[in-house]
Amino acid sequence: MKTIITHNNLSLQIDLSKPIDISIPLTNNEQNPIAWYQDIPKIEPVRMGSDASEWIGKVSEGKSSTNFNNIFFNPHAHGTHTECLGHITKDFYSINQCLKQFFFTAELISVEPQKVGEDLVITKEHISTALNKTNNISIEAIIIRTLPNLENKKHLNYSNTNPPYLEEAAAIFIREKGIQHLLIDLPSVDKEHDEGKLLSHKAFWNVKDVNQVNEDARFNCTITEMIYVNEEVQDGSYILNLQFASFENDASPSKPVLYSLE
Numbered sequence: 001m002k003t004i005i006t007h008n009n010l011s012l013q014i015d016l017s018k019p020i021d022i023s024i025p026l027t028n029n030e031q032n033p034i035a036w037y038q039d040i041p042k043i044e045p046v047r048m049g050s051d052a053s054e055w056i057g058k059v060s061e062g063k064s065s066t067n068f069n070n071i072f073f074n075p076h077a078h079g080t081h082t083e084c085l086g087h088i089t090k091d092f093y094s095i096n097q098c099l100k101q102f103f104f105t106a107e108l109i110s111v112e113p114q115k116v117g118e119d120l121v122i123t124k125e126h127i128s129t130a131l132n133k134t135n136n137i138s139i140e141a142i143i144i145r146t147l148p149n150l151e152n153k154k155h156l157n158y159s160n161t162n163p164p165y166l167e168e169a170a171a172i173f174i175r176e177k178g179i180q181h182l183l184i185d186l187p188s189v190d191k192e193h194d195e196g197k198l199l200s201h202k203a204f205w206n207v208k209d210v211n212q213v214n215e216d217a218r219f220n221c222t223i224t225e226m227i228y229v230n231e232e233v234q235d236g237s238y239i240l241n242l243q244f245a246s247f248e249n250d251a252s253p254s255k256p257v258l259y260s261l262e
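According to my numbering, the stretch in the sequence shown is residues 1 to 262, in order.
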């Protein structure tokens, strides 16, 4: 199933039958990635009543005609999620209200974070060098794959491990390039323990005061964290379909999907 997308007077063809899913599924076991000092998610059948009369929402238990689970999770801690600037502001802003379009031109880049003291940092130079290699299609979203790209990213417990992060200058550079959506395979664009500074979040969204958000803050821009891009997916230009569940919350679990340009 092929379709042609017209963008900035260019005709871009994609095959909708060949999606590239870069999300990490949510599970209720130790295989689920974890961040921010949380336990694993819970997916368990509803239980009502007590003792012999207890009703269990699980067909295999023989007491229900349907599987009927409760799910307890944290979108920021338990897998791929997309967040809006409401993640860092005093006033409430919802991802469901901030993001109203879902298809974007996108560039996938691979970078190896640089050692800076005890940290591994993605720098402005990493981003600018990678983007200088791209074609002339205007970029609305950037997808950052960190190297080495080990498959255990899908299962890591990131808590208290000081993962790599994006330096403030890199986030400013991405913002000044007019890129609206930032996707990364790390639990945060900021350092794990940064005394609440959140420099890259603030720089990307252009939030100058979290207590009184400036009018030129980027309300329609998003950050998606904890993605995973398989090795066989090559750096280059794609169409991104940024899907998420319709939560009235600063963040939602999401399913970013790429389509190769033909």
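Even for Gly, the Cβ is constructed at its ideal location relative to N, Cα and C.
Around the Cβ of residue i, are there at least 16 other Cβ atoms within 10 angstroms (buried) or fewer (exposed)?
i    : result
N70  : exposed
S252 : buried
E118 : exposed
G79  : buried
Y238 : buried
K100 : exposed
E167 : buried
Y259 : buried
K115 : exposed
S246 : exposed
L85  : buried
S50  : exposed
A52  : exposed
Q180 : buried
D250 : buried
E151 : exposed
H87  : buried
E262 : exposed
H193 : exposed
E107 : buried
At which residues does the alpha helix (DSSP H) containing residue i begin and terminate?
i    : result
A203 : L199 to W205
E225 : Note, E225: premise wrong, no alpha helix (DSSP H); beta strand (DSSP E) at T222 to E225.
D234 : It is worth fixing the name first, because residue 234 is Gln in this sequence and not Asp. Note, Q234: premise wrong, no alpha helix (DSSP H); not H, not E.
L150 : Element bounds for L150: n/a, residue is neither H nor E.
Q97  : I95 to C98
A141 : Careful: A141 lies outside any alpha helix (DSSP H), inside the beta strand (DSSP E) at A141 to T146.
H193 : That residue, H193, is in no alpha helix (DSSP H); it is neither H nor E in DSSP.
H126 : K124 to L131
Residue i to residue j, Cα distance in whole Å?
i    : j    : result
I137 : I144 : 17 angstroms
I122 : S64  : 51 angstroms
V257 : L240 : 6 angstroms
E61  : Y93  : 42 angstroms
H155 : P33  : 4 angstroms
K177 : N220 : 15 angstroms
D235 : V207 : 30 angstroms
I43  : N28  : 6 angstroms
T269 : C98  : Outside the shown range of the chain (1 to 262) lies residue 269, about which nothing can therefore be said.
L183 : T224 : 5 angstroms
A217 : H76  : 22 angstroms
E54  : N162 : 45 angstroms
I109 : T6   : 23 angstroms
Q160 : T3   : Contrary to the premise, residue 160 reads as Asn rather than Gln in this sequence. So the two alpha carbons sit approximately 45 angstroms from each other.
E215 : D209 : 11 angstroms
L198 : D91  : 17 angstroms
V233 : V46  : 40 angstroms
P19  : E125 : 31 angstroms
S17  : N211 : 45 angstroms
Can you check whether the CB of residue j is closer than 9 angstroms to the CB of residue i?
i    : j    : result
F73  : L242 : no
M226 : P164 : no
Y228 : A35  : no
D185 : K153 : yes
A170 : I139 : no
T89  : V213 : yes
L12  : T105 : yes
H81  : F244 : yes
P148 : E195 : no
T222 : E30  : no
On the DSSP letters alone, give me the boundaries of the beta strand (DSSP E) that residue i sits inside.
i    : result
F173 : Here F173 belongs to no beta strand (DSSP E); instead the alpha helix (DSSP H) covers E168 to E176.
A251 : A251 to S260
N70  : N69 to F72
S110 : F103 to V111
T80  : Counting along the chain, T80 falls outside any beta strand (DSSP E), and DSSP gives it neither H nor E.
E54  : Run containing E54: none; DSSP gives neither H nor E here.
H7   : K2 to H7
D15  : L10 to D15
I184 : H181 to I184
I22  : Premise fails: I22 is in no beta strand (DSSP E) and is neither H nor E.
Q114 : Q114 to V116
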